[in-house]
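Worksheet: one structure, shown below.
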């Protein structure tokens, strides 16, 4: 029997969860088990990382540390080499903190971590198993730990299919921003068997491996909401739906109905003594406008677009996933839509392109003023907050963060393309990330407190370690929410703090993606709105 069960729900939000757990006309209660969980346990909104994005947020959940410490800020890691920007995809080797899977393992606990981003290659010294998420199917065997687990699953789990379990880029490749009606419905339906695959793996591990800390993440919640938000948000669901809209709503409900069944079965398998926790890396909301941030920066003189000479190299750059800029004439720019960040180019030596170091502060303050001046056609401010990296990303990796991170009025992702006008209204509201996700607890020793005050994303890791009977490392940035637990439980199991985490050490070598696979990944991120 597992002592602690953790179920991650990527992008899950109370906006949808509350709808799925109440009686709706003609639809009933879609998630009856989750309704019982919410009624019998404690829940809170969970504030995500400053830029509420999948990689940094899940890294914080798995390490109890913010991006300034663990070092992950985006899907990609970019380096400015003066005349060119080089990039690579983040993986587990970029996380400069110890995972909770390692912390629990070295203290004698057995763990299982399934489908979490940034766990490939698997962290070293894990007592248990890791089946990573966010990788192509052909890399799943090599990155599953222990290696023989992959063969066990293939032999013992009926219908086991790595192409459904992992990111099957051929199936997931879709249009860049707008899908046809048929493609949107197919996109949602694709995630039904995929989530079932992850459920079957989790079920198999619970039945056969008996982990003390069992963790699985379901990511269909996020992917579906990106393209089908209008059929889930109660403020957007059509009152008199067309036949196609009704099919979309029905398949979304089918997904959440299935998910409820998977969760119920995993809780049953974990046993009556297990404490159960749920968390999401961020929430969701509707984005109603598009901010073309580099076009705005160009208007203000910060960005200079590269001029094409018609060469093959120039054409490739124009078609690439990143802004095609004249670096000698650019002082501040946005690298990726997902970053929502502005990078200031500081001259390394006198005469180099960029801002002289002694002018950095005054330059940044003027840039902030310009950003706050941005408004839409109604005169409403588009940028509602500008976050300085030293204030929001403290830690040894602070300088990897964008100099400024933007919070938009509708929490949308920016565009980095060279189009005008700078701000446009979307024809149809799109699903985008919201800073508030979910954090819930259920089971023996958990208080039935209902909704409590907002918690921080770095609180998840210490809560899981405490639940499984371990001390909370002194260098964790979060804390255990006492309101999650009954007074009797805390009296018998007081929160204790222990030694600091250990250095992550060297990660094992990973099998690198080839250029085709990287491009397929970029197309997947484009479809979700993270890249262009």
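Numbering (UniProt numbering), first residue to last: 1 to 532.
Glycine residues also receive a C-beta, built at the ideal position from the N, C-alpha and C atoms.
Strand pairing of residue i, partner residues [DSSP]
i: residue 434; result: 283
i: residue 536; result: The displayed coordinates of the chain run from 1 to 532. Any statement about residue 536 would go beyond what the structure contains.
i: residue 497; result: 472
i: residue 360; result: DSSP output for residue 360 lists no bridge partner at all.
i: residue 129; result: 112
i: residue 305; result: 325
i: residue 294; result: Paired residue(s): none; residue 294 is not in a bridge.
i: residue 343; result: 333
i: residue 355; result: 346
i: residue 24; result: 28
i: residue 42; result: 441, 450
CB-CB length for residue i against residue j, believed under 8 Å
i: residue 406; j: residue 371; result: 7 Å
i: residue 55; j: residue 74; result: 6 Å
i: residue 209; j: residue 128; result: 7 Å
i: residue 49; j: residue 92; result: That belief does not hold up - the Cβ atoms of residue 49 and residue 92 are roughly 18 Å apart, past 8 Å.
i: residue 476; j: residue 461; result: 6 Å
i: residue 98; j: residue 502; result: 5 Å
i: residue 408; j: residue 386; result: Residue 408 to residue 386, Cβ: 11 Å. No contact.
i: residue 122; j: residue 111; result: With a Cβ gap of about 11 Å, residue 122 and residue 111 do not count as contacting.
i: residue 100; j: residue 63; result: 7 Å
i: residue 65; j: residue 458; result: 6 Å
i: residue 125; j: residue 132; result: At roughly 16 Å, the Cβ-Cβ gap does not stay under 8 Å, so residue 125 and residue 132 are not in contact.
i: residue 342; j: residue 331; result: With 8 Å as the limit, residue 342 and residue 331 do not qualify as a contact, their Cβ atoms being about 10 Å apart.
i: residue 87; j: residue 76; result: 5 Å
i: residue 275; j: residue 4; result: 5 Å
Residue i: CB within 7 Å of a non-hydrogen atom of the ligand FMN
i: residue 236; result: Annotation note on the ligand FMN: not contained in the displayed structure, which lists no ligands.
For residue i, the nearest candidate out of the options (CA to CA)
i: residue 282; options: 16, 47, 490; result: 47
i: residue 228; options: 264, 271, 287, 262; result: 287
i: residue 482; options: 449, 475, 52; result: 449
i: residue 166; options: 134, 307, 217; result: 134
i: residue 487; options: 458, 446, 111; result: 446
i: residue 308; options: 268, 395, 326; result: 326
i: residue 162; options: 49, 185, 181, 193; result: 193
i: residue 369; options: 377, 388, 6, 454; result: 388
i: residue 206; options: 218, 181, 269; result: 269
i: residue 453; options: 429, 484, 474, 101; result: 484
i: residue 338; options: 402, 264, 24, 8; result: 402
i: residue 61; options: 184, 341, 278; result: 278
i: residue 430; options: 139, 285, 311; result: 285
i: residue 220; options: 245, 252, 265; result: 252
i: residue 250; options: 421, 148, 300, 189; result: 189
i: residue 291; options: 417, 145, 150; result: 417
i: residue 15; options: 306, 478, 225, 274; result: 225
i: residue 182; options: 139, 500, 243, 79; result: 243
i: residue 423; options: 470, 264, 374; result: 374
i: residue 33; options: 261, 218, 204, 241; result: 261
i: residue 549; options: 299, 300, 323; result: The chain is shown from 1 up to 532; residue 549 falls before or after that span and cannot be answered.
Exposure of residue i, with buried meaning 16 or more beta-carbon neighbours within 10 Å
i: residue 222; result: buried
i: residue 425; result: exposed
i: residue 451; result: exposed
i: residue 238; result: exposed
i: residue 105; result: buried
i: residue 352; result: exposed
i: residue 419; result: exposed
i: residue 399; result: exposed
i: residue 18; result: exposed
i: residue 355; result: buried
i: residue 176; result: The pLDDT assigned to residue 176 is 34, lower than 50, so where the model puts this residue is not dependable, and the model offers no usable value.
i: residue 382; result: buried
i: residue 378; result: exposed
i: residue 384; result: exposed
i: residue 164; result: buried
i: residue 348; result: exposed
i: residue 173; result: Only weak support exists for where residue 173 lies, its pLDDT of 43 falling under 50; the value from the coordinates is given anyway. Exposed, by the Cβ-count rule.
i: residue 170; result: Its pLDDT being 48, under 50, residue 170 is placed unreliably by the model, and nothing is read from it.
i: residue 147; result: exposed
i: residue 311; result: exposed
i: residue 280; result: buried
So, does the stretch 358 to 366 touch the stretch 36 to 44, judging by three or more C-beta pairs under 8 Å? Touching, no.
Flag this pair as touching only if the stretch 407 to 415 and the stretch 212 to 222 have three or more C-beta atom pairs under 8 Å; answer yes or no. no
Check whether the stretch 441 to 451 and the stretch 42 to 57 touch, using three or more Cβ-Cβ pairs below 8 Å as the test. yes
Contact between the stretch 68 to 79 and the stretch 424 to 435 (3+ Cβ pairs under 8 Å): Output reads no: the stretch 424 to 435 does not touch the stretch 68 to 79.
Please determine if the stretch 192 to 207 and the stretch 154 to 168 are in contact, where contact requires at least 3 C-beta pairs separated by less than 8 Å. In this structure the stretch 192 to 207 touches the stretch 154 to 168; the number of beta carbon pairs closer than 8 Å is three or more.
Would you call the stretch 493 to 501 in contact with the stretch 463 to 472, where contact means no fewer than 3 C-beta pairs closer than 8 Å? Yes, the stretch 493 to 501 is in contact with the stretch 463 to 472.
Quick check: the stretch 230 to 238 against the stretch 292 to 300, are at least 3 beta-carbon pairs closer than 8 Å? no
State whether the stretch 244 to 261 contacts the stretch 374 to 392, with contact taken as three or more CB pairs (one from each stretch) at a distance under 8 Å. The stretch 244 to 261, when compared against the stretch 374 to 392, does not touch it at the 8 Å Cβ threshold.
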